[in-house]
Amino acid sequence: MNKYEILKTYFGYDSFRGAQEILIDSILSGKDVLGIMPTGAGKSLCYQIPALMLDGITLVISPLISLMKDQVGSLNQAGIHAAYLNSSLTPGQYRKALAFARQGRYPIIYVAPERLLTPEFLDFARNARISMVAVDEAHCVSQWGQDFRPGYLRIADFIRELPARPVVSAFTATATREVRDDILELLDLRDPAVTSTGFDRGNLYFAVETPRDRYGAVKGYIEEHSGESGIVYCLTRKQVDEVCGHLIRDGFPATRYHAGLSDEERRKNQEDFIYDRAPLMVATNAFGMGIDKSNVRFVLHYGMPKNIESYYQEAGRAGRDGEPAECILYYSGQDVITNRLFIENNRDNLELDPETAELVRERDLDRLKKMTFYCCTNECLRDYILRYFGEYGSNYCGNCANCRKEFETAEVTEAARIMIGCVKACGQRYGINVILDTVRGAETEKLRQYRMTENPCFGSLSRVPAYRLRQIMNHLLLNGYLETTDGSYSVVKLTERSEGVLCGAETVTMKMAKEPERRPGKAQEAKKKKPVLASGLREGDEPMFEKLRSLRASIAREEKVPPYIVFSDKTLVHMCIVRPSDKEEMLTVTGVGEFKYQKYGERFLECVREAGKWNSTS
Numbered sequence: 009m010n011k012y013e014i015l016k017t018y019f020g021y022d023s024f025r026g027a028q029e030i031l032i033d034s035i036l037s038g039k040d041v042l043g044i045m046p047t048g049a050g051k052s053l054c055y056q057i058p059a060l061m062l063d064g065i066t067l068v069i070s071p072l073i074s075l076m077k078d079q080v081g082s083l084n085q086a087g088i089h090a091a092y093l094n095s096s097l098t099p100g101q102y103r104k105a106l107a108f109a110r111q112g113r114y115p116i117i118y119v120a121p122e123r124l125l126t127p128e129f130l131d132f133a134r135n136a137r138i139s140m141v142a143v144d145e146a147h148c149v150s151q152w153g154q155d156f157r158p159g160y161l162r163i164a165d166f167i168r169e170l171p172a173r174p175v176v177s178a179f180t181a182t183a184t185r186e187v188r189d190d191i192l193e194l195l196d197l198r199d200p201a202v203t204s205t206g207f208d209r210g211n212l213y214f215a216v217e218t219p220r221d222r223y224g225a226v227k228g229y230i231e232e233h234s235g236e237s238g239i240v241y242c243l244t245r246k247q248v249d250e251v252c253g254h255l256i257r258d259g260f261p262a263t264r265y266h267a268g269l270s271d272e273e274r275r276k277n278q279e280d281f282i283y284d285r286a287p288l289m290v291a292t293n294a295f296g297m298g299i300d301k302s303n304v305r306f307v308l309h310y311g312m313p314k315n316i317e318s319y320y321q322e323a324g325r326a327g328r329d330g331e332p333a334e335c336i337l338y339y340s341g342q343d344v345i346t347n348r349l350f351i352e353n354n355r356d357n358l359e360l361d362p363e364t365a366e367l368v369r370e371r372d373l374d375r376l377k378k379m380t381f382y383c384c385t386n387e388c389l390r391d392y393i394l395r396y397f398g399e400y401g402s403n404y405c406g407n408c409a410n411c412r413k414e415f416e417t418a419e420v421t422e423a424a425r426i427m428i429g430c431v432k433a434c435g436q437r438y439g440i441n442v443i444l445d446t447v448r449g450a451e452t453e454k455l456r457q458y459r460m461t462e463n464p465c466f467g468s469l470s471r472v473p474a475y476r477l478r479q480i481m482n483h484l485l486l487n488g489y490l491e492t493t494d495g496s497y498s499v500v501k502l503t504e505r506s507e508g509v510l511c512g513a514e515t516v517t518m519k520m521a522k523e524p525e526r527r528p529g530k531a532q533e534a535k536k537k538k539p540v541l542a543s544g545l546r547e548g549d550e551p552m553f554e555k556l557r558s559l560r561a562s563i564a565r566e567e568k569v570p571p572y573i574v575f576s577d578k579t580l581v582h583m584c585i586v587r588p589s590d591k592e593e594m595l596t597v598t599g600v601g602e603f604k605y606q607k608y609g610e611r612f613l614e615c616v617r618e619a620g621k622w623n624s625t626s
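Using the numbering used here, you'd call the opening residue of the sequence shown number 9 and step up by one each time.
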């Protein structure tokens, strides 16, 4: 079969998307490749399709057992023989899988990086025909990346041990310029075709909120999106346990995931989430890399992550099927302090020499600062993320909270002058909270101890609401009128721009959100808000969509696979639009290939017919 026949027969798609075909053709021509593609762009197909066309075995190096199981399960469901080799197998299962691999049963084998140089696997690899080594989540090779994995440094050594060098392909969803350079060098990619399709995920809605009651905000959101699958990320294990406990007590089908749980509980909870037995997952950042659950409709952050890379990767677990999804970050100033503590006490840096460890610490603090600015900006949130990764948009996406808000330009020169003057008068010795408490005239023991009650700016802005003062301070930091030092205690410092404000030579203006009109009954209205319909789904299609989902769930239980592996939400939506009446029409539905039609096609056709009859009589 050629690449188009494979694409349709096994994966159910009529055409390639974005840079998929370019990367596939480069691999088939024998070139190394580096593909930088956003989550949901279909990077797995870029190595899976060549694997079925090359003469030999493709080794896919993957960082997580859960990811391997998920990928192998999807391939087997599509009619492609694949296997994984990792620590979840018993010695007997491992030897059996290797024996089948030697017989040529598997064109695709997933393997953990730590297993590559073990004597048994190395013996197998030297005597097998390895046509390609595909490195998934390739950013794990870089110590400058957010998910550095020392085992990835062994990949180049492993390839050099093979009798003939295979094609090497590497793929990642997020990579700064530093990380890209590391991938190219440390994986020893030779004259590679480097393709970046951009980082934008237009189906994701971004918002930052600062609620006084974070749990109340999360609970309210989940109530509004009843029946949908979502992830709630927390900064600490304690938070995970508390939030998950509250959700369960409030009647929500939630489960949890963090490194403090036993292996067995983590495995069970992850499966409950993937199989939709518990569609709400509350987790630390230990959960999620490589999770391919396509029907996650929202990702809520119960606190600010420590960098943009982590945030975008975690938020990117929503809407992998291309349908609308929401990413909401609930921010508090305390999040900055918590993340600083994480950075200062990072145990991962113990293996590094002191000089490198200090460089990593400074880099992490700088990343934290940029993450904090994301939470404070009034500009387009999507554009802020894209600029961080080196892309430039229009500064208006129409699908983030800031682009949907109404803003007005306000002059804040006087307040800015007082804040800058306060910093100057105290000798640039204190942090943000001390400065803000001073200008609003807070009578605290700490201020008296620091003698800030004697500062000439003490109480000068007592009439301005505290939240507005913080907004102005964030604006001054974002725009270089002030800056903060790195370290465990961050101190506010003057900059070159400070003097211009103090001497009256510069006016400070900023965008401020217009206060919403408060109407009686507005809160009640919000609670009745319906979830956004899937893209392309008409109002009258909802009953059919739910019947198709119910059938999918039944088949998933029979097959003992996650529902999205049977068909994605996107495929079910397309069925509702096409309303196929026979095999020919069903094969025009995106995600329905010949193999899956043979397994499930007639049952879904019957469901569409029955749902259509029900709609016409209702």
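In this text, a Cβ means the ideal position worked out from N, Cα and C, and glycines have one as well.
Check                                                                                                                                                                                      : Outcome
Assess contact between the stretch 361 to 380 and the stretch 79 to 89, defined as three or more Cβ pairs (one per stretch) separated by less than 8 Å. Is contact present?                : no
In the DSSP output, what is PHE306 paired with across the bridge?                                                                                                                          : GLY238, GLU334
Cα-Cα, which of ASP494, SER139, GLY268 is closest to ILE351?                                                                                                                               : ASP494
For ARG110, is the classification buried or exposed, using 16 other Cβ atoms within 10 angstroms of its Cβ as the cut-off for buried?                                                      : exposed
Would you check if the distance between the CB atom of GLY235 and the CB atom of THR47 is smaller than 7 Å?                                                                                : no
Identify, in the order they occur along the chain, each residue of the same chain with its Cβ nearer than 8 Å to the Cβ of ASP63, setting aside the five sequence neighbours on each side. : ARG137, SER139
Could you check if MET312 is buried or exposed, using at least 16 other CB atoms within 10 Å of its CB as the buried criterion?                                                            : buried
Can you check whether the CB of LYS519 is closer than 7 Å to the CB of ASN386?                                                                                                             : yes
For the stretch 97 to 116 against the stretch 26 to 36, are there 3 or more C-beta pairs whose distance is under 8 Å?                                                                      : no
Determine the closest residue to GLU370 out of LEU337, VAL176, GLU279, ASN315, with distance taken between C-alpha atoms.                                                                  : ASN315
Please report the residue range of the alpha helix (DSSP H) in which ALA59 lies.                                                                                                           : 51 to 61
Taking the alpha-carbon positions, what's the ILE30 to PHE295 distance?                                                                                                                    : 32 Å
Closer than 8 Å is the cut-off here; do at least three beta carbon pairs connect the stretch 328 to 342 with the stretch 575 to 592?                                                       : yes
For ASN10, which residues from the same chain have a beta carbon less than 7 Å from its beta carbon, with the 5 sequence-adjacent residues on both sides left out?                         : none
Can you list, in chain order, the residues of its chain with a C-beta nearer than 6 Å to that of GLY194? Leave out the 5 residues immediately preceding and following it.                  : The sequence given here has Leu at residue 194, not Gly. Closer than 6 Å at the Cβ level, and outside the excluded window around LEU194, lie VAL149.
From ARG209, ALA561, LEU161, ASP144, pick the residue whose C-alpha is nearest to that of ILE282; which is it?                                                                             : ALA561
Is it buried or exposed, TYR18, if we count other Cβ atoms within 10 angstroms and call 16 or more buried?                                                                                 : buried
Which parts of the stretch 21 to 108 are runs of the alpha helix (DSSP H), unbroken and 4 residues or longer, counting only runs that do not cross its ends?                               : 28 to 36, 51 to 61, 73 to 85
Can you look up ARG245 in the DSSP assignment and give me helix, strand or coil?                                                                                                           : helix
Here's the rule: buried if 16 or more other CB atoms are within 10 angstroms of the residue's CB, otherwise exposed. What is ALA286?                                                       : buried
Output the boundary residues of the alpha helix (DSSP H) element that contains SER177.                                                                                                     : Unbroken run through SER177 is the beta strand (DSSP E), 175 to 180; no alpha helix (DSSP H).
Taking C-beta to C-beta, are LEU486 and PHE214 nearer than 7 Å?                                                                                                                            : no
What residue range does the alpha helix (DSSP H) around PHE214 cover?                                                                                                                      : Here PHE214 belongs to no alpha helix (DSSP H); instead the beta strand (DSSP E) covers 212 to 217.
Excluding the five sequence neighbours on either side, which residues of its own chain have a C-beta within less than 6 Å of the C-beta of PRO174, listed in chain order?                  : ILE138, SER139, MET140, VAL141
Tell me, please, whether the CB atom of GLU122 is closer than 7 Å to any CB atom in chain D?                                                                                               : Among the protein chains of the structure shown there is no chain D, as only one such chain exists.
Over what stretch of residues does the beta strand (DSSP E) that includes THR492 continue unbroken?                                                                                        : 490 to 492
Please say whether ILE393 and SER204 have beta carbons closer to each other than 7 Å?                                                                                                      : no
Start and end of the alpha helix (DSSP H) containing ARG375?                                                                                                                               : 362 to 384
Let me know the secondary structure DSSP gives SER204 once reduced to three states.                                                                                                        : strand
So who's on the other strand from GLU416, going by DSSP bridges?                                                                                                                           : MET520
How is the beta strand (DSSP E) around LYS501 delimited, first residue to last?                                                                                                            : 500 to 502
Give me the Cα-Cα distance between TYR404 and LEU444, rounded to the nearest whole angstrom.                                                                                               : 31 Å
Using 7 Å as the threshold, is the C-beta distance between TYR572 and SER302 below it?                                                                                                     : yes
Assuming the contact rule is C-beta atoms closer than 8 Å, ALA225 and GLU217 should be a hit. Round their C-beta distance to whole Å, please.                                              : 6 Å
Roughly how far, in whole angstroms, is the beta-carbon of VAL569 from the beta-carbon of GLN85, given that I think they are within contact range, below 8 Å?                              : 6 Å
Rounded to a whole number of angstroms, what is the C-alpha to C-alpha distance between VAL586 and VAL304?                                                                                 : 24 Å
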